[in-house]
Amino acid sequence: MPLTASSYAVLRYLLPGAVAGVVTFLVSRVAIAPLIDAAVDAEAALEHTAGGGHDHAAELFTRSVQENVGAAVGVIGFGVVMGVLYAVAHTVVANALAARGVTPDPTALALLLAGGMFVTVALVPALKYPANPPGVGLADTVAERTSASLTMTILSVVVGCVALAAAVASVRRVPLWRLTGIAVLGYAAVMGVAGAVLPSFREVPDGFSAETLADFRLYTVLIQAVLWLVIGSVWSSMAARRRAGREPRSVSPEFSAS
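So for the sequence shown, the numbering used here puts the first residue at 5; every next one is plus one.
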């Protein structure tokens with residue numbers, strides 16, 4: 005049965021995030037799961053060495069269920085949410101550019117926006133508050149750490165949106181590359197100040213593997229990069245197919261103003 009216009013619109017909003025979520029889960033299952041297992045084992049060993057009691061009560065869900073079913077639902081769900089937010093952002097930016105007579109290459113716009121959202125949502129917050137594996141971080145500071153990390157993320161997104169809005173508003177008056185440089189430098193300056201002002205936490209327990217910690221943090225960021233790359237790539241592919249169906253002409257790979 006052919007898709008209606010409304011069904012296709014829903015598909016466009018949901019499919020990129022769903023595909024990205026599946027790919028991200030598969031990558032994280034290979035790259036992150038062994039590090040989590042190592043961290044859990046290290047935490048248990050440290051508790052045993054310190055003489056702490058270990059809870060042997062039966063778990064509601066086994067570790068296997070948590071690593072497979074639970075993680076899959078969480079990662080794919082997160083991917084769908086990020087994909088919808090990306091679709092909304094893409095629509096707003098594309099419409100704002102069109103209102104100013106600017107026609108960007110669909111692939112360039114899709115991938116640049118995905119890269120920008122990766123930087124603001126994942127990379128910059130992770131530079132200040134990197135992800136921690138199980139066993140790292142004090143229970144007494146969970147609320148404080150969560151609040152600080154959320155503040156950094158929200159601030160990064162807001163500042164990124166302001167920088168993007170200012171760039172779009174000036175796109176007809178300022179050369180593209182100069183405009184990009186100004187927006188990036190402005191964003192970096194504000195986030196640098198925020199990173200210096202917000203509290204820092206150094207709570208890695210003695211004896212915890214530095215290699216496991218570094219690998220976990222690195223792969224967490226790389227997996228976020230995979231998520232946003234797939235979202236941008238799928239959206240770009242769908243946009244190209246849709247455009248080809250309406251307008252078979254080739255499109256210049258550069259931004260142009262009419």
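Every residue gets a Cβ at the ideal spot worked out from N, C-alpha and C, and that includes glycine.
None of these values were measured; they are calculated from a predicted model.
Item, Value
"When DSSP labels each residue in this structure, what does Val175 get in the three-state scheme?", "coil"
"Just to confirm before moving on: does the CB-CB distance between Val79 and Leu18 stay below 9 Å?", "no"
"Can you have a look at Ile158 and say buried or exposed, based on whether 16 or more other CB atoms are within 10 angstroms of its CB?", "exposed"
"Check whether the stretch 222–236 and the stretch 190–204 are in contact - that is, three or more C-beta pairs closer than 8 Å.", "no"
"Given this structure, state the Cα-to-Cα distance separating Leu231 from Val31, to the nearest angstrom.", "10 Å"
"Do you know offhand how far Val92's Cα is from Arg104's?", "19 Å"
"Near Glu117, which residues of its chain fall below 8 Å by C-beta distance, leaving aside the five closest residues on each side in sequence?", "Residue identity differs from the one stated: residue 117 is Leu in this sequence, not Glu. So the list reads Tyr90, Ala93, His94, Val97, Gly236, once near-sequence residues are dropped."
"Taking only three categories from DSSP, how would you classify Pro129?", "helix"
"Nearest to Ala248 by CA position, among Pro110, Ala152, Ala76, is which residue?", "Pro110"
"What does the Cβ neighbour count give for Trp239, buried or exposed, with the cut at 16 atoms within 10 Å?", "buried"
"Around the Cβ of Thr145, are there at least 16 other Cβ atoms within 10 angstroms (buried) or fewer (exposed)?", "exposed"
"Report the CB separation of Pro20 from Gly87 in whole angstroms; it is logged as a contact under 8 Å.", "4 Å"
"Within the stretch 186–211, note down every full alpha helix (DSSP H) run reaching 4 residues or more, in order along the chain.", "none"
"Leaving out five residues on either side along the sequence, give the residues of the same chain with a beta carbon under 7 Å from the beta carbon of Pro129.", "Ser153, Met156, Thr157, Ser160"
"Do you know offhand how far Val278's Cα is from Ala167's?", "As shown, the chain starts at 5 and ends at 262. That puts residue 278 outside it, with no answer to give."
"Taking the beta carbon of Thr124 as the centre, do at least 16 other beta carbons fall within 10 Å, making it buried, or is it exposed?", "buried"
"For Leu142, which residues in the same chain have their Cβ closer than 8 Å to its Cβ, ignoring the five residues on either side in sequence?", "Glu207"
"For Phe122, collect the residues of the same chain with a Cβ closer than 7 Å to its Cβ; drop the 5 residues on either side in sequence, then sort them by chain order.", "Gln228, Ala229, Trp232"
"Would you mind sorting Ala126 into buried or exposed? The rule is 16 or more other CB atoms within 10 Å of its CB.", "buried"
"Between the Cα of Ala43 and those of Gly120, Glu148, Pro209, spot the shortest distance and give me the residue it belongs to.", "Pro209"
"Compute the Euclidean distance between the alpha carbons of Arg182 and Pro138, then round it to the nearest angstrom.", "44 Å"
"Helix, strand or coil: which one does DSSP assign to Gly141?", "coil"
"Pick from Val27, Val106, Asp45: whose alpha carbon is nearest that of Ala76?", "Val27"
"Can you list, in chain order, the residues of its chain with a C-beta nearer than 8 Å to that of Val244? Leave out the 5 residues immediately preceding and following it.", "Before going on, a small fix: residue 244 reads as Ala here, not Val. Cβ within range, chain order: Pro110, Thr111."
"Buried or exposed: which applies to His60, given that a residue is buried once 16 or more other Cβ atoms fall within 10 Å of its Cβ?", "Summary for His60: the model assigns pLDDT 47, below 50, so the residue's position carries little reliability; its value from the coordinates is reported in the next sentence. His60 should be labelled exposed."
"Check the C-beta distance from Pro108 over to Leu101 and give it rounded, since I have them as a contact under 8 Å.", "6 Å"
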